[in-house]
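The working numbering puts the first residue of the sequence shown at 23, with every later residue one more than the last. This report refers to the structure that appears directly beneath it.
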Amino acid sequence: MSYKPIFGHVAPSFNVALLSCGLDLSVEGSECGPLIKPSALVWAPKKKIEAEIKKIRNESIERKKAKDELKRMKRLKEEEKHQRKLENERRSEIVVPITNPAKLKRLRKKQMRTIVTR
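Written out as structure tokens, the structure is:
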């Protein structure tokens with residue numbers, strides 16, 4: 023390889039690189055790496071990978087939403103079940119209406135605690 027500084031004129035068979043001092047340096051048979059642009063072939067796989075990542079991310083979000091919806095439905099079912107259970111307990115209780123208020127005065131403290139007014 024021979025290095026020939028050329029001022030202003032570039033021979034067609036040489037590649038040109040700039041020196042730090044600003045002069046053109048032609049190098050025979052070499053290619054300048056930074057001046058070569060990446061081809062469009064790199065763009066397509068890159069876009070394909072990005073699209074795949076986006077698809078995976080969307081699927082993950084959809085799965086999470088479905089899981090949250092299932093949790094919410096399960097929680098609602100549990101609440102309804104709990105409400106039904108409470109109602110059934112209230113219905114199955116033995117209820118004795120107190121018609122004579124004088125009985126209340128004769129009740130002990132423990133018995134008074136069990137009385138529920140509805």
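Note that the Cβ used here is the ideal one computed from N, Cα and C, for glycine as well.
Here I137 carries a coil assignment [DSSP, helix/strand/coil].
Between L129 and I116, the gap from beta carbon to beta carbon reaches 9 Å or more. A straight line joining the alpha-carbon of R97 with that of A88 spans about 14 Å.
Taking the CA atoms as reference points, E74 sits about 15 Å from E84.
The beta carbon of R106 is closer than 7 Å to none in its chain, skipping five residues each way along the sequence.
Secondary structure at I71: helix, using DSSP grouped into helix, strand and coil. For the pair L108 and A124, the Cα-to-Cα distance works out to about 31 Å.
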